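Report on one structure; see the data block that follows.
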Amino acid sequence: MLNKITDVFVIAACIVAIGVGVGRLRERSASRPQAGYQAGDVLADEDAGLPASCFEQRQRTLVLYVSSHCRFCTASMKFYRELAAAASRRQSGQVRLVAVGREDLSTLTK
Numbered sequence: 364m365l366n367k368i369t370d371v372f373v374i375a376a377c378i379v380a381i382g383v384g385v386g387r388l389r390e391r392s393a394s395r396p397q398a399g400y401q402a403g404d405v406l407a408d409e410d411a412g413l414p415a416s417c418f419e420q421r422q423r424t425l426v427l428y429v430s431s432h433c434r435f436c437t438a439s440m441k442f443y444r445e446l447a448a449a450a451s452r453r454q455s456g457q458v459r460l461v462a463v464g465r466e467d468l469s470t471l472t473k
C-alpha cells in the first residue's frame with residue numbers, strides 16, 4: 364500500500380515539474396522579440412491603435428504597417444506605391460489605403 368502512495372506522489376511531482384518547466388519556457392519565448400522584429404513592433408494579430416474613423420469612411424480599408432528597418436517592407440515599397448496609386452485612381456472611392464508605422468511620415472514616405 365505504501366508503494367502505491369509513493370508511486371502516485373512521484374508521478375504527481377513529475378507532472379507538476381513538467382508543467383512548471385513548460386510554463387517557464389513559454390514565458391521566456393514570449394518575452395523575446397521574434398527574429399526580424401524589434402520590440403514595440405505591431406504584429407499581425409495585434410491592435411495598431413487606429414481610430415475607428417479609419418475604417419468607417421469607406422467600404423473597404425487596407426492597412427499597411429511599414430518600417431524602414433524591415434527588409435521586406437523596403438523591398439516591397441515599389442509595390443506599395445503602385446497599390447496606393449491604384450487605390451487613388453478608383454472612381455468609386457470604396458477602398459481606402461492607410462499606411463501606418465512607428466516612424467515619422469517623412470521617413471516612411473521615402
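Take the sequence shown: its letters are residues 364 to 473, numbered as in my numbering. Just so you know, even glycine gets a beta-carbon here, dropped at the ideal spot from N, CA and C. Given the structure is predicted, the values throughout are model-derived calculations rather than measurements.
Restricting to Cα atoms, I'd like to know which of Ser469, Glu390, Thr369 is closest to Ser431. The residue given as residue 431 occupies position 68 in the sequence shown. Out of Ser469, Glu390, Thr369, Ser469 has the C-alpha closest to the C-alpha of Ser431.
Quick one: what's Leu427 bridged to in DSSP? The residue you call residue 427 lines up with position 64 of the sequence shown. Leu427 pairs with Ala462.
Length of the line joining the Cα atoms of Ala384 and Ala376: To locate residue 384, count along the sequence shown from 1; it is residue 21. To locate residue 376, count along the sequence shown from 1; it is residue 13. Note that residue 384 is Gly in the sequence shown, not Ala. Approximately 12 Å between the Cα atoms of the pair.
Under a three-way DSSP split, which group does Cys436 fall into? Here the question's residue 436 lines up with position 73 in the sequence shown. Here Cys436 sits in helix by DSSP.
Using beta-carbon positions only, say whether Ala448 and Leu460 come within less than 7 Å of one another. Taking the sequence shown and counting its residues from 1, the one referred to as residue 448 is at position 85. Taking the sequence shown and counting its residues from 1, the one referred to as residue 460 is at position 97. No, the Cβ-Cβ distance between Ala448 and Leu460 is not below 7 Å.
Would you tell me roughly how many angstroms separate the C-alpha atoms of Leu425 and Glu466, rounded to the nearest one? The residue you call residue 425 lines up with position 62 of the sequence shown. The residue you call residue 466 lines up with position 103 of the sequence shown. The straight-line gap from Cα to Cα measures roughly 19 Å.
Pick from Cys436, Gly382, Val373, Glu390: whose alpha carbon is nearest that of Leu471? Position 108 of the sequence shown, counted from the start, is the residue given in the question as residue 471. Leu471 has its Cα closest to that of Cys436, out of Cys436, Gly382, Val373, Glu390.
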